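What follows is a set of notes on a single structure, which appears directly below.
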Amino acid sequence: MGDGALSDAEHTGPNGRRRVVYVTHHLPWPVDSGGRLREAQLIARLADRFDIDLVAVSKDLDKDRRGIRQACALGVRPRLFAATQAEGVSGPHALRHDSAPARRHLRHRWRRGAGRAAGTEVVHVEGHYLMSLLPRSARRRAILVEHNIESALLRQAVHAVPPPRPELSVTSADAARTRIDERQAWLTARMVVGVTPEDVSAIAEVVGPARARLVPNGADHVLGADERKFRRDPECASQLVFVGNFAYSPSADAAHELIERILPAVRALAGPASLALVGSGPPRWLYEAAARRGGVTVTGTVADVVPWLRGATVVVAPLRIGGGVKVKVLEALALGKAVVTTGIGAQGLRHLPPGSLVLADEPHEYAVAVARLLTDDSERERQESRARLAARRLPTWDSAAERLAACWSEG
86 MGDGALSDAE
96 HTGPNGRRRV
106 VYVTHHLPWP
116 VDSGGRLREA
126 QLIARLADRF
136 DIDLVAVSKD
146 LDKDRRGIRQ
156 ACALGVRPRL
166 FAATQAEGVS
176 GPHALRHDSA
186 PARRHLRHRW
196 RRGAGRAAGT
206 EVVHVEGHYL
216 MSLLPRSARR
226 RAILVEHNIE
236 SALLRQAVHA
246 VPPPRPELSV
256 TSADAARTRI
266 DERQAWLTAR
276 MVVGVTPEDV
286 SAIAEVVGPA
296 RARLVPNGAD
306 HVLGADERKF
316 RRDPECASQL
326 VFVGNFAYSP
336 SADAAHELIE
346 RILPAVRALA
356 GPASLALVGS
366 GPPRWLYEAA
376 ARRGGVTVTG
386 TVADVVPWLR
396 GATVVVAPLR
406 IGGGVKVKVL
416 EALALGKAVV
426 TTGIGAQGLR
436 HLPPGSLVLA
446 DEPHEYAVAV
456 ARLLTDDSER
466 ERQESRARLA
476 ARRLPTWDSA
486 AERLAACWSE
496 G
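Every letter in the sequence shown is one number past the one before it in the numbering used here, and letter 274, counting from 1, is 359.
Printed below as a string of structure tokens:
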């Protein structure tokens, strides 16, 4: 299907199914980030119950085009539009996610009457920074999903000590403008969805409890993975593993902290320790930092993160900046791995039994916790047992999909 092409299909679904206009900033496929994974898992479960028109404003058209076949196989109708730099907007996220053709497409279908068909069409928007693409009347119908509270992430980055690398830095003005954008979008939308109880509480303070909903991330997608994959690929073994989308600044910042501050301290306490940074989008400076440190593998995109997680002695997630719930942490717990993370890395997981995660926020304290698990087999085995117990309390994607279906079915 061509980029931005309009089809002649009717805008009302067959068999009384609701049509969902799903506006996002990428196709969910290929699945190489937590955000894509969430969307892929939910859409796969709902595509046979709703008619989904997926409108993606893409910063990487070549990559997103690779997901068209998967979308069509599910019966989803994808339309891709190239993202451009916006003018006359405030926050940095809206600045990077503009598309005049996408705006025209959405305005055209709304004016044709599809959006006004009473009770038949749902408008779903992945991120406040995409709301401006909708006609104003459509914004009032929107179910807005926030994977994070972006202004809070920007404030964390502003106050981080030491500050992030220059290419990852932001300003307090960026945070303030994003907060204005968020509040305006939340107050306009019909419903605002968060992925953690903490985020939903913050949203409810602005829009009221009746319009704030929780749709968590699941973790059971890793449970059916074939353990033989790891045995066939012993190169996936590394003592420390950090999984992330390193094109995403919070993950890149954590990787920098890990290489520059935490790993040297771990090695001083526990001897040589190998580290694997597993995931898409690593910038050049991350490869260079890994080479300087030595004993650090930067994989880039991998077909499956599960072999790397299974092969880890300890899974690490030293996040200083973040919001929502971290798929990388959920995956490690679901696989029964000992996980060392920070308070930010544990957001959304306060309901788990105490001790499910090892928490440390200061770099030396973090290194001590990692070194203890590397050198004390009994302690590590106890931590793995706690992780397996915690895994029983994690949400499933089926339950998350039911929550989203309930949102789509309202009103």
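All C-beta atoms in this analysis are idealised placements derived from N, C-alpha and C, irrespective of residue type, glycine included.
For clarity, every value in this text was computed on a predicted model and none was experimentally measured.
Report task. Could you tell me if residue 228 is buried or exposed, where buried requires 16 or more neighbouring beta carbons within 10 angstroms of its beta carbon? Result -> buried
Requested in this report: Could you have a look at residue 107 and say whether DSSP puts it in helix, strand or coil?
Outcome: strand
Query raised in the report: Taking all protein chains shown into account, do 16 or more other C-beta atoms lie within 10 angstroms of the C-beta of residue 270, making it buried, or fewer, making it exposed?
Result: buried
Query raised in the report: Going by beta carbon distance, what residues of the same chain come within less than 6 Å of residue 364, once the five residues before and after it are set aside?
Result: 328, 329, 330 and 331
Requested in this report: Write down the C-beta distance between residue 127 and residue 404 rounded to the nearest angstrom, noting that I regard them as a contact closer than 8 Å.
Outcome: Residue 127 to residue 404, Cβ: 23 Å. No contact.
Query - Buried or exposed by the 16-neighbour rule on C-beta atoms within 10 Å, applied to residue 461 - result: exposed
Query raised in the report: Which partner residues of residue 276 appear in the DSSP bridge assignment?
Result: 228
Requested in this report: Could you have a look at residue 170 and say whether DSSP puts it in helix, strand or coil?
Outcome: coil
Query raised in the report: Counting along the chain, where does the alpha helix (DSSP H) carrying residue 209 start and finish?
Result: Counting along the chain, residue 209 falls outside any alpha helix (DSSP H), though it belongs to the beta strand (DSSP E) covering 206-211.
Query raised in the report: In or out: residue 429 buried (at least 16 other Cβ within 10 Å) or exposed?
Result: buried
Query raised in the report: Under the three-state reduction of DSSP, which class applies to residue 385: helix, strand or coil?
Result: strand
**Report entry** Reduced DSSP secondary structure (H/G/I, E/B, other) of residue 406
**Finding:** coil
**Report entry** Integer-rounded CB distance, given that residue 186 should sit under 8 Å from residue 152
**Finding:** The pair is not a contact, with the Cβ atoms about 19 Å apart (cut-off 8 Å).
Query - When 371, 438 and 107 are compared against residue 209, the one with the closest alpha-carbon - result: 107
Report task. Have a look at 432, 465, 277 and 235 and flag the residue whose alpha-carbon is nearest the alpha-carbon of residue 422. Result -> 465
**Report entry** Inside the stretch 125-175 only - beta strand (DSSP E) runs reaching at least 3 residues
**Finding:** 136-143 and 162-167
Query raised in the report: Which one or two residues does DSSP pair with residue 327 in a beta bridge?
Result: 362
Query raised in the report: Excluding five sequence neighbours on each side, which residues of the same chain lie with their C-beta closer than 6 Å to the C-beta of residue 72?
Result: Only positions 86 to 496 of the chain appear in this structure, which leaves residue 72 out of reach.
Query raised in the report: For the candidate residues 232, 216 and 235, whose alpha-carbon lies nearest to that of residue 226?
Result: 216
Query raised in the report: Taking the runs of the alpha helix (DSSP H) that are 4 residues or longer, which of them lie wholly in the stretch 227-270?
Result: 235-244
Query raised in the report: Once you ignore the five residues that flank residue 486 on each side, which residues in its own chain have a CB closer than 7 Å to its CB?
Result: 127, 130 and 131
Query raised in the report: Count the other CB atoms within 10 Å of the CB of residue 439; is the residue buried (16 or more) or exposed (fewer)?
Result: exposed
**Report entry** Through-space distance from residue 391 to residue 310, alpha-carbon basis
**Finding:** Unreliable positioning characterises residue 310 in this predicted model, as indicated by a pLDDT of 49, which lies under 50. The coordinate reading is nonetheless provided below. Going by the C-alpha atoms only, they are around 7 Å apart.
Query raised in the report: Can you check whether the CB of residue 304 is closer than 8 Å to the CB of residue 326?
Result: no
Query raised in the report: residue 137: buried (16+ other C-beta within 10 angstroms of its C-beta) or exposed?
Result: buried
Requested in this report: On the DSSP bridge assignment, give the partners of residue 443 in chain order.
Outcome: 425
Query raised in the report: Based on the DSSP output, what are the partners of residue 298 in its beta bridges?
Result: 278
Query raised in the report: In three-state DSSP terms, what is residue 397?
Result: strand
Requested in this report: Return the residue from the list 109, 115, 119 and 111 that minimises the CA-CA distance to residue 413.
Outcome: 119
**Report entry** Pairwise C-alpha distance: residue 240 and residue 340
**Finding:** 19 Å
Query raised in the report: Got a sec, what are the start and stop residues for the alpha helix (DSSP H) residue 469 sits in?
Result: 462-476
Query raised in the report: What residue range is occupied by the uninterrupted alpha helix (DSSP H) comprising residue 415?
Result: 412-419
Query raised in the report: Could you give the C-beta distance for residue 142 and residue 110, rounded to a whole number, given that I count them as a contact under 8 Å?
Result: 5 Å
Query - At least three beta-carbon pairs within less than 8 Å, the stretch 464-478 to the stretch 277-289 - result: no
**Report entry** Beta-carbon proximity check, residue 399 vs residue 453, cutoff 8 Å
**Finding:** no
Query - Distance CB(residue 437)-CB(residue 417) smaller than 8 Å - result: no
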